[in-house]
Structures are given as C-alpha cells and as structure tokens.
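Novice: Structure provided below as structure tokens; questions to follow.
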C-alpha cells in the first residue's frame with residue numbers, strides 16, 4: 148500500500164492529526180474517532196493497525212494500555228515527494244504573506260497617525 152493510499156482514508160488522517168499533539172492511548176483515540184465518524188472500536192483498531200504496519204505510527208505498551216505516537220519517517224518521504232510540486236503554491240503564498248504584511252503595516256500607520264492625510268485617503 149502506498150503512503151497516499153494509507154492517508155487517503157479520512158479516519159487515518161484524523162488519527163494522525165490527533166497524534167500530532169503527542170502520544171495517546173489507543174482507547175482515547177478510539178473514543179474520539181468513534182464519536183466523530185460513528186464507527187466501531189474494532190474498525191478503529193483496524194485503522195490503527197494499518198497506520199502501524201505502514202510505519203506511520205509506533206505503539207508501546209504501558210501496563211494494559213497501548214500508547215500510539217506518530218512516526219515521522221513516512222511523512223518525511225511524502226514531504227520529499229511533494230517538494231517537486233511546491234513551486235506551484237510557494238510563490239503565491241509568499242506573495243500573499245507580503246500583501247498581508249503590507250496591510251498590517253498600513254493599518255498600524257493609520258492607527259498611529261489618524262489625522263495624517265497620507266494614510267487616510
């Protein structure tokens with residue numbers, strides 16, 4: 148299964164989003180995913196298994212609990228693949244950042260000098 152096949156499922160993407168905040172017990176993940184997606188606990192376990200088997204997560208035992216965490220390896224591979232496509236969105240995002248900064252600067256100037264005709268058209 149290719150990495151994009153693994154991440155193509157919204158449940159697995161959501162599990163990774165939850166794990167991005169840090170290690171979590173399988174039970175907490177299952178509760179959240181069951182509530183959000185309306186699927187059974189065995190279905191959540193199957194999604195966790197897919198993520199684990201394809202290297203997206205690690206699991207460690209702590210007593211009777213199983214704690215899951217993100218394994219960044221496959222995500223780095225996806226990021227490297229996407230690098231060839233960043234040119235399609237990076238320059239427009241940089242231009243947007245420049246325009247946003249320009250707008251903030253102009254607002255600050257208007258707020259600092261409300262009577263200045265140059266900043267109040």
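Residue numbers (the numbering used here): 148 to 268.
Virtual Cβ for every residue (Gly too), placed ideally from N, Cα, C.
Please classify residue 247 as buried or exposed, where buried requires at least 16 neighbouring CB atoms within 10 angstroms.
Specialist: For the purposes of this step, residue 247 is identified with residue 100 of the chain shown, where counting begins at 1. Under this definition residue 247 is an exposed residue.
Novice: Under 8 Å by Cβ, that's how I've got residue 204 and residue 191 pegged, so tell me the actual separation to the nearest angstrom.
Specialist: Within the chain shown, the letter at position 57 stands for residue 204. Within the chain shown, the letter at position 44 stands for residue 191. At roughly 13 Å, the Cβ-Cβ gap does not stay under 8 Å, so residue 204 and residue 191 are not in contact.
Novice: In terms of DSSP beta bridges, what is residue 217 paired with?
Specialist: Working through the chain shown from its first residue, we reach residue 217 at position 70. DSSP lists 204 as partners of residue 217.
Novice: Report all residues from its chain with a CB closer than 7 Å to the CB of residue 161; omit the five preceding and five following residues, and keep chain order.
Specialist: As a working note, residue 161 is residue 14 in the chain shown. Only 180 and 183 meet the Cβ criterion.
Novice: With respect to the alpha helix (DSSP H) encompassing residue 174, which residues constitute its N-terminal and C-terminal limits?
Specialist: Translated into the one-based positions of the chain shown, residue 174 becomes position 27. First-last of the alpha helix (DSSP H) with residue 174: 173 to 184.
Novice: Using the rule of at least 16 other Cβ atoms within 10 Å of the residue's Cβ for burial, across every protein chain shown, is residue 149 buried or exposed?
Specialist: Taking the chain shown and counting its residues from 1, one reaches residue 149 at position 2. Per the 10 Å Cβ criterion, exposed.
Novice: Between the stretch 243 to 262 and the stretch 214 to 234, are three or more C-beta pairs nearer than 8 Å?
Specialist: no
Novice: Using CA coordinates, which residue listed in 251, 157 and 256 is at the minimum distance from residue 186?
Specialist: Position 39 of the chain shown, counted from the first residue, corresponds to residue 186. Selected option, being the one with the closest Cα: 157.
Novice: What whole-angstrom Cβ distance do residue 159 and residue 198 have, given they're in contact under 8 Å?
Specialist: For the purposes of this step, residue 159 is taken as the residue at position 12 of the chain shown. For the purposes of this step, residue 198 is taken as the residue at position 51 of the chain shown. That belief holds up - the Cβ atoms of residue 159 and residue 198 are roughly 6 Å apart, short of 8 Å.
Novice: For residue 151, tell me which candidate among 166, 202 and 258 has the shortest Cα-Cα distance.
Specialist: Position 4 of the chain shown holds residue 151. Taking only the C-alpha atoms, the option nearest residue 151 is 202.
Novice: Could you give the first and the last residue of the continuous alpha helix (DSSP H) run that contains residue 152?
Specialist: The residue given as residue 152 occupies position 5 in the chain shown. Looking at the DSSP string, the run of the alpha helix (DSSP H) that includes residue 152 is 150 to 154.
Novice: Just to confirm my understanding: we take residue 154, look at its own chain, exclude 5 residues before and 5 after, and list those with CB closer than 7 Å. What are they?
Specialist: As a working mapping, residue 154 is identified with position 7 in the chain shown. Excluding sequence neighbours, residue 154 sits near 160.
Novice: Give the DSSP-derived three-state secondary structure of residue 170 in the structure shown.
Specialist: In the chain shown, counting from the first residue as 1, residue 170 sits at position 23. Note: residue 170 maps to coil in three-state DSSP.
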